[in-house]
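From first to last, the protein sequence lines are chains B and R. Position in the first sequence counted from 1, then plus 94, gives you the numbering used here. Position in the second sequence counted from 1, then plus 94, gives you the numbering used here. Heads up: the structure comes next, in structure tokens.
2 protein chains.
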Amino acid sequence: MQISKGVEWACHAAALMAALPNDKALKADSLARYHEVPAAYMAKQLQALSKAGLVQSSRGARGGYRLAKPPAEINLWDITAAIEGNKSAFRCMEIRQNGPCPSRKDSCRTPCAIATSFFDAETAFRDSLRAVSLMQITMGVMNIKTPLEIEAVMQWVSDEAV
Amino acid sequence: MQISKGVEWACHAAALMAALPNDKALKADSLARYHEVPAAYMAKQLQALSKAGLVQSSRGARGGYRLAKPPAEINLWDITAAIEGNKSAFRCMEIRQNGPCPSRKDSCRTPCAIATSFFDAETAFRDSLRAVSLMQITMGVMNIKTPLEIEAVMQWVSDEAV
DNA sequence: ATAATTCGGATAAAAAATATCCGTAAAAAG
DNA sequence: CTTTTTACGGATATTTTTTATCCGAATTAT
Chain B
95 MQISKGVEWA CHAAALMAAL PNDKALKADS LARYHEVPAA YMAKQLQALS KAGLVQSSRG
155 ARGGYRLAKP PAEINLWDIT AAIEGNKSAF RCMEIRQNGP CPSRKDSCRT PCAIATSFFD
215 AETAFRDSLR AVSLMQITMG VMNIKTPLEI EAVMQWVSDE AV
Chain R
95 MQISKGVEWA CHAAALMAAL PNDKALKADS LARYHEVPAA YMAKQLQALS KAGLVQSSRG
155 ARGGYRLAKP PAEINLWDIT AAIEGNKSAF RCMEIRQNGP CPSRKDSCRT PCAIATSFFD
215 AETAFRDSLR AVSLMQITMG VMNIKTPLEI EAVMQWVSDE AV
């Protein structure tokens with residue numbers, strides 16, 4: 095049971111895009127270099143964010159990515175679902191219908207107690223992530239940086255943004 | 095992000111063991127046949143449950159597995175952790191320390207806001223599973239079965255148990 | 001036109017999950 | 001004491017998923 099690295103990268107990239115001046119964008123390559131992650135794979139994650147409507151892409155010369163909504167309106171579950179899909183982590187194989195004492199098919203229209211409990215747990219997981227906005231993340235990330243470091247980030251962003 | 099099938103099988107097997115008469119046991123092969131899952135792999139999961147202290151094994155002729163505690167004292171997170179381990183699903187790569195604007199190492203003693211949020215979500219997930227005991231599961235599973243089906247299960251258990 | 005950049009699909013490599021096998025230890029039964 | 005049965009542990013093979021790269025096509029600014 096593990097969350098793909100793409101989710102972590104997408105979250106950090108989104109947090110960085112939240113610091114962009116209005117109407118500016120960062121290209122995929124810049125976002126990859128900022129965290130030293132593989133450019134081609136980072137690009138894939140950005141495309142997924144774009145398809146999910148979380149970021150807005152523009153092609154061609156001076157193209158790049160920016161957030162499609164205010165940071166307060168994007169949460170961590172949005173990003174996770176965009177990268178990993180929103181299918182359940184628990185895959186019920188309906189093994190209760192197997193073997194010498196199977197449950198009848200028509201009594202299996204609803205998930206069994208085990209599957210239900212796992213689905214409930216996943217709902218709790220998702221709700222917890224939904225409660226955290228990119229705005230909060232950006233503030234949290236900036237919080238551990240010194241004024242000097244923040245200055246450096248802002249400088250880098252304005253250098254790279256197009 | 096997916097939960098291994100072994101977790102599902104272990105939960106169902108545990109629910110079945112909860113229906114065992116006192117001091118009786120089921121061998122690994124029986125537990126595998128009951129749900130028609132691969133015997134060798136089911137045996138692996140049972141060994142993991144044993145190592146975690148959730149079931150008690152006995153070797154040799156007439157050996158097998160039984161629960162090590164009352165069903166009310168075993169919960170779904172216990173079983174999940176026994177099979178999958180209790181390492182976090184979110185693996186923080188500390189990419190905030192990479193690139194042109196890294197965070198200083200000494201300000202990274204605590205996880206970043208992103209990692210913290212995912213850890214919190216996992217805690218919610220685990221707590222939700224912890225709230226469900228094997229007792230509840232057994233009752234839920236039995237609940238969808240007809241009296242006739244339950245009779246069949248009891249018969250099968252008393253035939254196979256040693 | 002040319003250069004820069006995203007998009008989408010194909011593909012390759014690495015890692016994890018799934019599954020099997022076998023030799024050993026332990027316990028019961030003959 | 002020997003045989004049979006069963007769990008245990010490690011090694012290994014197979015399949016699936018994750019991670020990563022590449023390339024041609026589309027799009028946009030200069």
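A virtual CB, placed ideally from N, CA and C, is assigned to each residue, including glycine.
Query, Result
"Quick check: is the beta carbon of R/P165 nearer than 8 Å to any beta carbon in chain B?", "no"
"Return the bridge partner residues of R/R160 from the DSSP annotation.", "R/Q150"
"Name, please, each residue of chain R whose Cβ falls closer than 7 Å to the Cβ of B/V131.", "I189"
"Using a Cβ-Cβ distance under 8 Å, would B/A183 count as near chain R?", "yes"
"Using a Cβ cut-off of 8 Å (strictly closer), state whether B/S144 contacts chain R.", "no"
"Using a Cβ-Cβ distance cut-off of 8 Å, determine whether R/A246 contacts chain B.", "yes"
"Going along the chain, which residues of its own chain have a beta-carbon closer than 8 Å to the beta-carbon of R/A176, five neighbours each way excluded?", "A104, A142, L143, K145, A146 and L148"
"Please report the distance separating the alpha-carbon of B/E54 from that of B/G158.", "Coverage of chain B is limited to positions 95 through 256, which leaves residue 54 of chain B absent and any answer about it impossible."
"Who are the near neighbours of R/A107 in its chain, counting only those whose CB is closer than 6 Å to its CB and skipping five residues on each side?", "L125"
"Would B/Y128 and B/L110 be called neighbours here (beta carbons separated by less than 8 Å)?", "yes"
"Consult DSSP for B/S222 and reduce its assignment to one of helix, strand or coil.", "helix"
"Residues in its own chain within less than 7 Å of R/A183 by CB, not counting five upstream and five downstream?", "M95 and E216"
"Taking C-beta pairs closer than 8 Å, name the residues in chain R that B/V235 reaches, listed in chain order.", "R190, C206, A207 and I208"
"List the residues of chain R whose Cβ lies closer than 8 Å to the Cβ of B/K99, in chain order.", "R185 and M187"
"Between B/I231 and chain R, is the shortest Cβ-Cβ distance under 8 Å, so that the two count as touching?", "yes"
"May I have the straight-line CA-CA distance separating B/A246 from B/T240, to the nearest angstrom?", "10 Å"
"Quick one: is B/L140 buried, meaning 16 or more other Cβ sit within 10 Å of its Cβ, or exposed?", "buried"
"Going along chain R in order, which residues have a C-beta closer than 7 Å to the C-beta of B/P115?", "Those within 7 Å of B/P115 in chain R number zero; the least Cβ separation is about 16 Å."
"Mind pulling the alpha helix (DSSP H) runs of 4 or more residues that sit fully within the stretch 179–226 of chain B?", "207–224"
"Quick check on DSSP: helix, strand or coil for B/L114?", "coil"
"Given a threshold of 16 other Cβ atoms within 10 Å of its Cβ, counted over all protein chains shown, does B/T204 qualify as buried or as exposed?", "exposed"
"Who pairs with B/N169 in a beta bridge, going by DSSP?", "B/S227"
"Residues in its own chain within less than 7 Å of B/L223 by CB, not counting five upstream and five downstream?", "N169, L170, W171 and T174"
"Using a Cβ-Cβ cut-off of 8 Å (strictly less than) and excluding sequence neighbours within five positions of B/A133, which residues of its own chain qualify?", "A122, D123, A126 and R127"
"In chain B, what lies closer than 7 Å to R/K138 by C-beta?", "What R/K138 touches in chain B: nothing, since even the nearest Cβ is about 16 Å away."
"Which term fits B/L228, buried or exposed, when burial requires 16 or more other beta carbons within 10 angstroms of its beta carbon?", "buried"
"Leaving aside the five residues before and after B/P165 along the sequence, list all residues of the same chain whose C-beta is less than 7 Å from its C-beta, in chain order.", "A112, S227, L228, M229 and T232"
"According to DSSP, what are the bridge partners of R/L120?", "R/Y159"
"When the Cα atoms are used, what is the spatial distance from R/E188 to B/S98?", "14 Å"
"To the nearest angstrom, report how far apart B/A225 and R/E243 are at their CA atoms.", "44 Å"
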